[in-house]
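Student: In order, the protein sequences belong to chains L and E. Following the UniProt record's numbering, the numbering of the first sequence begins with 1 at its first residue and continues without gaps. Following the UniProt record's numbering, the numbering of the second sequence begins with 1 at its first residue and continues without gaps. All C-beta atoms, glycine included, are put in the ideal place defined by N, C-alpha and C. Attaching a single structure in structure tokens format; questions to follow.
2 protein chains.
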Amino acid sequence: MAGASQYHHGDLYSTLIDAASARLEKFGIEGLSLRKLAEDVGVSRTAPYHHFKDKNALLSAIAAKGFEQWHQIAEEIFANESLPVEQRFKDFIHAYIGFATTHPQIYELMFGQTLWGEGKATDSLREVAYPCFQYQVTMTRLWQEKGLLPSDQHALRMAQVTWGTLHGIARLIIDGIYADASHIEEMCDCAAALFMQHHATSATG
Amino acid sequence: MAGASQYHHGDLYSTLIDAASARLEKFGIEGLSLRKLAEDVGVSRTAPYHHFKDKNALLSAIAAKGFEQWHQIAEEIFANESLPVEQRFKDFIHAYIGFATTHPQIYELMFGQTLWGEGKATDSLREVAYPCFQYQVTMTRLWQEKGLLPSDQHALRMAQVTWGTLHGIARLIIDGIYADASHIEEMCDCAAALFMQHHATSATG
DNA sequence: GGGTTAAATTGACACTGTCAAGATTCATTT
DNA sequence: AAATGAATCTTGACAGTGTCAATTTAACCC
Numbered sequence: 001m002a003g004a005s006q007y008h009h010g011d012l013y014s015t016l017i018d019a020a021s022a023r024l025e026k027f028g029i030e031g032l033s034l035r036k037l038a039e040d041v042g043v044s045r046t047a048p049y050h051h052f053k054d055k056n057a058l059l060s061a062i063a064a065k066g067f068e069q070w071h072q073i074a075e076e077i078f079a080n081e082s083l084p085v086e087q088r089f090k091d092f093i094h095a096y097i098g099f100a101t102t103h104p105q106i107y108e109l110m111f112g113q114t115l116w117g118e119g120k121a122t123d124s125l126r127e128v129a130y131p132c133f134q135y136q137v138t139m140t141r142l143w144q145e146k147g148l149l150p151s152d153q154h155a156l157r158m159a160q161v162t163w164g165t166l167h168g169i170a171r172l173i174i175d176g177i178y179a180d181a182s183h184i185e186e187m188c189d190c191a192a193a194l195f196m197q198h199h200a201t202s203a204t205g
Numbered sequence: 001m002a003g004a005s006q007y008h009h010g011d012l013y014s015t016l017i018d019a020a021s022a023r024l025e026k027f028g029i030e031g032l033s034l035r036k037l038a039e040d041v042g043v044s045r046t047a048p049y050h051h052f053k054d055k056n057a058l059l060s061a062i063a064a065k066g067f068e069q070w071h072q073i074a075e076e077i078f079a080n081e082s083l084p085v086e087q088r089f090k091d092f093i094h095a096y097i098g099f100a101t102t103h104p105q106i107y108e109l110m111f112g113q114t115l116w117g118e119g120k121a122t123d124s125l126r127e128v129a130y131p132c133f134q135y136q137v138t139m140t141r142l143w144q145e146k147g148l149l150p151s152d153q154h155a156l157r158m159a160q161v162t163w164g165t166l167h168g169i170a171r172l173i174i175d176g177i178y179a180d181a182s183h184i185e186e187m188c189d190c191a192a193a194l195f196m197q198h199h200a201t202s203a204t205g
């Protein structure tokens, strides 16, 4: 059933997501045209509409995959109890910026205005994204308990600010504003040091 | 010469920028159509092309205006020596987030992928934007000298991280991700407190 | 086989940015 | 004041885009 049929494609849904992801990484969100995508896959212009309500629905599906991917990375770092919290905290920062800069277009999709602008995001995307946000708060609370981050602030606020920092750095790098890729590591270290100012254990780096 | 002529508009350049800014704030970048814009102003579809090479050129001009506006705000706060540095630092943070959330679409234009994605920005935009970036470094260096920010980091890195934080918070709020407008003030205070951890003078707020 | 349903197709519409060629007005020079 | 040249604005046209409607094709179940 997964052969090379001509009329019924067989697994157009997955094929579209894969092809769209590839096209996305090459040409960006703006350069992702449904028609050219269909041509790539070898179906007619409107075939995708039987699997995705919208162009937004397709993009949402890709973004959802990105969230799942990232969530897994974050969980692995966070749950690796063989390393000290401090190291895991730094790893987390580097992993976040690494993920964002390795897949800039997908990152843009996950957090950009295209999907979150005016409630264009699919319900199924929200169901994947929100737990991802929530996880950040959980981690932040634990970092506060471990004394890594100051605990005189609400965990939610703290999570918003720390994530905001990573988000902002990622975007400055991605968009090539005011920061270029050669300074990624140093910027991550600088951010980590800034957050852990009162955590006086290791000032050497 | 600013009358109601019919063929020659008289001051189409400024009129277009104003109308485009208005349309932008209402419908966003995506919703800004050159054709509808021309109709708004009362000229034909291609009239704008005699004043702007591109749609990008128009957007760049609007963004440039935004940078000038912000630069002026920042300078006023920074140069107001009647207030203590600490207060001016907090004011700066609140002003930044305030500017971004008051004109979300213009902010998106100033720092988003539309103009900075792949070198689409006009030269004249760069000429306005880069000094704006540079100014941030200057301020950061002085904040370090005053003991507000830790001085064991390079000023450039520090500036990238602090601006990154503000940029990230602004975007999270604007895109409605993980943070909503009702927490703006608290988030700003949290960020300020985080930056000034080692500055032990005022912990009360 | 017949009938239901899912999947893929062509045709069409409204919309977009942008180029080319022509019309109109302004400015300046003679 | 007339003419020339440049600036400005116009209509016409083209290649794209997302998306809907009606239609054909294939699969699946009884």
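Any C-beta of chain L within less than 9 Å: which residues of the stretch 153 to 169 of chain E qualify?
Tutor: Listed by position along the chain: Gln153, His154, Leu156, Arg157, Met158, Ala159, Gln160, Val161, Thr162, Trp163, Gly164, Thr165, Leu166, His167, Gly168, Ile169.
Student: Taking the C-alpha atoms as reference points, what is the distance between Ile97 (chain E) and Ala79 (chain L)?
Tutor: Residue numbering aside, residue 97 (chain E) sits at position 97 when the second sequence is read from its first letter. Residue numbering aside, residue 79 (chain L) sits at position 79 when the first sequence is read from its first letter. When rounded, the distance between both Cα atoms is 34 Å.
Student: Got a sec, what are the start and stop residues for the alpha helix (DSSP H) Ile29 (chain L) sits in?
Tutor: The residue you call residue 29 (chain L) lines up with position 29 of the first sequence. It is not in any alpha helix (DSSP H) - Ile29 (chain L) carries neither H nor E in the DSSP assignment.
Student: Please report how far the alpha carbon of Leu148 (chain E) lies from the alpha carbon of Leu125 (chain L), in whole angstroms.
Tutor: In the second sequence, the residue the question calls residue 148 (chain E) occupies position 148. In the first sequence, the residue the question calls residue 125 (chain L) occupies position 125. Their backbone Cα atoms lie some 41 Å apart in a straight line.
Student: Leaving out five residues on either side along the sequence, give the residues of the same chain with a beta carbon under 8 Å from the beta carbon of Gln105 (chain E).
Tutor: Along the second sequence, one-based indexing puts residue 105 (chain E) at 105. Around Gln105 (chain E): Leu24, Glu25, Gly28, Ile29.
Student: Got a sec, what are the start and stop residues for the alpha helix (DSSP H) Leu172 (chain L) sits in?
Tutor: By 1-based counting over the first sequence, the position of residue 172 (chain L) is 172. Element bounds for Leu172 (chain L): 155 to 174.
Student: For Ile115 (chain L), I'd like the list of residues in its chain whose CB is within less than 8 Å of its CB, leaving aside the five on either flank, ordered along the chain.
Tutor: By 1-based counting over the first sequence, the position of residue 115 (chain L) is 115. Note that residue 115 (chain L) corresponds to Leu in the displayed sequence, not to Ile. Correct list, in chain order: Asn56, Leu59, Ser60, Ala63, Leu109, Ala121, Leu125.
Student: Indicate whether Arg141 (chain E) and Ala129 (chain E) have their beta-carbon atoms separated by less than 7 Å.
Tutor: Stepping through the second sequence from its first residue, residue 141 (chain E) is reached at position 141. Stepping through the second sequence from its first residue, residue 129 (chain E) is reached at position 129. No. Outside cutoff.
Student: Could you tell me whether the Cβ atoms of Cys188 (chain L) and Ile93 (chain L) are closer together than 7 Å?
Tutor: To locate residue 188 (chain L), count along the first sequence from 1; it is residue 188. To locate residue 93 (chain L), count along the first sequence from 1; it is residue 93. The answer is yes: Cβ separation under 7 Å.
Student: Compare the C-beta of His198 (chain L) against all C-beta atoms of chain E and say whether one is closer than 7 Å.
Tutor: Looking up residue 198 (chain L) in the first sequence gives position 198. Yes, its Cβ sits closer than 7 Å to a Cβ of chain E.
Student: Using the Cα positions of Tyr49 (chain E) and Ala38 (chain E), report the straight-line distance between them to the nearest angstrom.
Tutor: Residue mapping note: residue 49 (chain E) aligns to position 49 of the second sequence, counting from 1. Residue mapping note: residue 38 (chain E) aligns to position 38 of the second sequence, counting from 1. Cα-Cα distance, rounded: 10 Å.
Student: Tell me, to the nearest whole angstrom, how far the beta carbon of Ala95 (chain L) is from that of Ile73 (chain L); I am working on the premise that it is less than 8 Å.
Tutor: In the first sequence, residue 95 (chain L) corresponds to position 95, counting from 1. In the first sequence, residue 73 (chain L) corresponds to position 73, counting from 1. That pair is a contact at about 6 Å.
Student: What does the Cβ neighbour count give for Glu22 (chain E), buried or exposed, with the cut at 16 atoms within 10 Å?
Tutor: The residue labelled residue 22 (chain E) in the question sits at position 22 within the second sequence. Reading the sequence as shown, one finds Ala at residue 22 (chain E) and not Glu. The residue is exposed, with fewer than 16 neighbouring Cβ atoms inside 10 Å.
Student: If you draw a straight line from the C-alpha of Tyr13 (chain L) to the C-alpha of Glu185 (chain E), how long is it?
Tutor: Mapped onto the first sequence, residue 13 (chain L) falls at position 13. Mapped onto the second sequence, residue 185 (chain E) falls at position 185. Going by the C-alpha atoms only, they are around 44 Å apart.
Student: Would you kindly report the start and end of the unbroken alpha helix (DSSP H) that includes Thr140 (chain E)?
Tutor: For this step, residue 140 (chain E) is matched to residue 140 along the second sequence. Note, Thr140 (chain E): alpha helix (DSSP H), 123 to 145.
Student: Does Gly98 (chain E) come out as helix, strand or coil in the three-state DSSP assignment?
Tutor: Here residue 98 (chain E) refers to the residue found at position 98 when the second sequence is read from its first residue. Three-state DSSP puts Gly98 (chain E) in a helix.
Student: If you compare alpha carbons, which of L:Thr162, L:Ile77, L:Asp175 is closest to His103 (chain L)?
Tutor: The residue you call residue 103 (chain L) lines up with position 103 of the first sequence. Per the Cα distances, L:Asp175.
Student: What residue does the alpha helix (DSSP H) around Glu186 (chain E) start on, and which one ends it?
Tutor: If you number the second sequence from 1, residue 186 (chain E) lands on position 186. Where Glu186 (chain E) is concerned, the enclosing alpha helix (DSSP H) stretches over 184 to 195.
Student: How big is the Cα-Cα spacing for Phe195 (chain L) and Leu194 (chain E)?
Tutor: For this step, residue 195 (chain L) is matched to residue 195 along the first sequence. For this step, residue 194 (chain E) is matched to residue 194 along the second sequence. Rounded to whole angstroms, Phe195 (chain L) to Leu194 (chain E) spans 7 Å at the Cα level.
Student: Determine the DSSP secondary structure at Ala64 (chain L), reduced to helix, strand or coil.
Tutor: Within the first sequence, numbered from 1, the residue matching residue 64 (chain L) stands at position 64. In this structure, Ala64 (chain L) counts as helix in the three-state DSSP scheme.
Student: If contact means a Cβ-Cβ distance below 7 Å, which residues of the stretch 118 to 151 of chain L contact chain E?
Tutor: Against chain E - using a Cβ distance shorter than 7 Å - the residues of the stretch 118 to 151 of chain L are Phe133, Pro150.
Student: I need the DSSP call for Ile177 (chain E), collapsed to helix, strand or coil.
Tutor: By one-based count along the second sequence, residue 177 (chain E) stands at place 177. It is coil, neither helix nor strand.
Student: So, helix, strand or coil for Lys36 (chain L), using DSSP?
Tutor: Counting from 1 along the first sequence, the entry for residue 36 (chain L) is found at position 36. Helix at Lys36 (chain L).
Student: If you draw a straight line from the alpha carbon of Tyr178 (chain L) to that of Glu118 (chain E), how long is it in whole angstroms?
Tutor: Working through the first sequence from its first residue, we reach residue 178 (chain L) at position 178. Working through the second sequence from its first residue, we reach residue 118 (chain E) at position 118. Using only the alpha carbons, I get a separation of about 14 Å.
Student: Can Thr165 (chain L) and Thr165 (chain E) be called in contact, C-beta distance under 7 Å?
Tutor: Along the first sequence, read from residue 1 onward, the residue named residue 165 (chain L) stands at position 165. Along the second sequence, read from residue 1 onward, the residue named residue 165 (chain E) stands at position 165. Cβ atoms of Thr165 (chain L) and Thr165 (chain E): closer than 7 Å.
Student: Do Gln197 (chain E) and Gln197 (chain L) have their C-beta atoms within less than 7 Å of each other?
Tutor: Here residue 197 (chain E) refers to the residue found at position 197 when the second sequence is read from its first residue. Here residue 197 (chain L) refers to the residue found at position 197 when the first sequence is read from its first residue. Yes. Within cutoff.
Student: Flag Gly176 (chain E) as yes if its beta-carbon sits less than 7 Å from any beta-carbon of chain L, otherwise no.
Tutor: To locate residue 176 (chain E), count along the second sequence from 1; it is residue 176. It does; some Cβ of chain L falls within 7 Å.
Student: Around the Cβ of Ala2 (chain E), are there at least 16 other Cβ atoms within 10 angstroms (buried) or fewer (exposed)?
Tutor: Stepping through the second sequence from its first residue, residue 2 (chain E) is reached at position 2. Note that Ala2 (chain E) scores 37 on pLDDT, short of 50, meaning its location in the model is unreliable; the coordinates nonetheless yield the value given after this. By the 10 Å Cβ count, Ala2 (chain E) comes out exposed.
Student: The alpha helix (DSSP H) spanning Glu108 (chain L) covers which residue range?
Tutor: For this step, residue 108 (chain L) is matched to residue 108 along the first sequence. Residues 104 to 111.
Student: Beta-carbon within less than 8 Å of Gly205 (chain L)'s beta-carbon, same chain only, minus the 5 sequence neighbours each way: which residues are those?
Tutor: Here the question's residue 205 (chain L) lines up with position 205 in the first sequence. Unreliable positioning characterises Gly205 (chain L) in this predicted model, as indicated by a pLDDT of 39, which lies under 50. A coordinate reading is not provided.
Student: To the nearest angstrom, how far is it from the Cα of Ser182 (chain E) to the Cα of His167 (chain E)?
Tutor: Residue mapping note: residue 182 (chain E) aligns to position 182 of the second sequence, counting from 1. Residue mapping note: residue 167 (chain E) aligns to position 167 of the second sequence, counting from 1. When rounded, the distance between both Cα atoms is 18 Å.
Student: Rounded to the nearest angstrom, what separates Lys65 (chain L) and Tyr107 (chain L) at their Cα positions?
Tutor: Taking the first residue of the first sequence as 1, we reach residue 65 (chain L) at position 65. Taking the first residue of the first sequence as 1, we reach residue 107 (chain L) at position 107. Answer to the nearest angstrom: the Cα atoms are 11 Å apart.
Student: Can you find a CB in chain L that lies within less than 7 Å of the CB of Cys188 (chain E)?
Tutor: Residue 188 (chain E) sits at position 188 when you count from the first residue of the second sequence. Answer no: the Cβ-Cβ gap between Cys188 (chain E) and chain L never drops below 7 Å.
Student: If the cut is a Cβ gap below 9 Å, which residues of chain L does Gln6 (chain E) touch?
Tutor: Position 6 of the second sequence, counted from the start, is the residue given in the question as residue 6 (chain E). Near Gln6 (chain E) there are no residues of chain L at all, since even the closest Cβ is about 37 Å away, more than 9 Å.
Student: Where does Val85 (chain L) sit, in a helix, a strand or coil, going by DSSP?
Tutor: The residue you call residue 85 (chain L) lines up with position 85 of the first sequence. Three-state DSSP puts Val85 (chain L) in a helix.
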